[in-house]
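Undergrad:
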Amino acid sequence: MSAKARESIDRGADDYVQFWAAGESGKGAYRCSECAYYVTVCRTLPVCPRCAGSSWEQVEWSPFRRALRLR
Ligand SMILES: [Zn+2]
846 MSAKARESID RGADDYVQFW AAGESGKGAY RCSECAYYVT VCRTLPVCPR CAGSSWEQVE
906 WSPFRRALRL R
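Take any residue in the sequence shown, note its place counting from 1, add 845, and you have its number in the numbering used here.
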């Protein structure tokens, strides 16, 4: 049984956080769930180069949204 994969789920009540595994296809910005290393992905999720973790959390990547909302 791997308890390690599940322990990061109960981190709070804000929103549901989905985790993605290395080798899955993905696009955008992701953060390692182990060490918070940040990567941008255009095809396939890698294994974390820092901690060799394989669980990723998708990060919203929208640098312009905030500026547009100001007006
Ligand atoms: Zn990592």
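C-beta: ideal position from N, C-alpha, C; glycine also.
1. Is C877 buried or exposed, if buried means 16 or more other CB atoms sit within 10 Å of its CB?
2. Is R895 near ligand 1, judged by its Cβ being under 7 Å from some heavy atom?
3. Can you tell me whether R826 is helix, strand or coil according to DSSP?
4. Mark Y875 as exposed unless 16 or more other C-beta atoms lie within 10 angstroms of its C-beta, in which case mark it buried.
5. If you reduce the DSSP assignment to three classes, tell me which class G868 lands in.
6. Going by beta-carbon coordinates alone, are G871 and V886 separated by less than 8 Å?
7. Have a look at G891 and E869 and give me their C-alpha separation to the nearest angstrom.
TA: Here's the rundown:
1. Buried: at least 16 other Cβ atoms inside 10 Å.
2. Yes, Cβ of R895 sits closer than 7 Å to a heavy atom of ligand 1.
3. Past the boundaries of the shown model lies residue 826; the chain is included only from 846 to 916, so the question cannot be answered.
4. Y875 is buried by the Cβ-count criterion.
5. In the structure shown, the three-state DSSP call for G868 is coil.
6. Yes.
7. A small correction: the amino acid at residue 891 is Pro; Gly does not occupy that position in the sequence shown. Looking at the two C-alpha atoms, the distance is approximately 8 Å.
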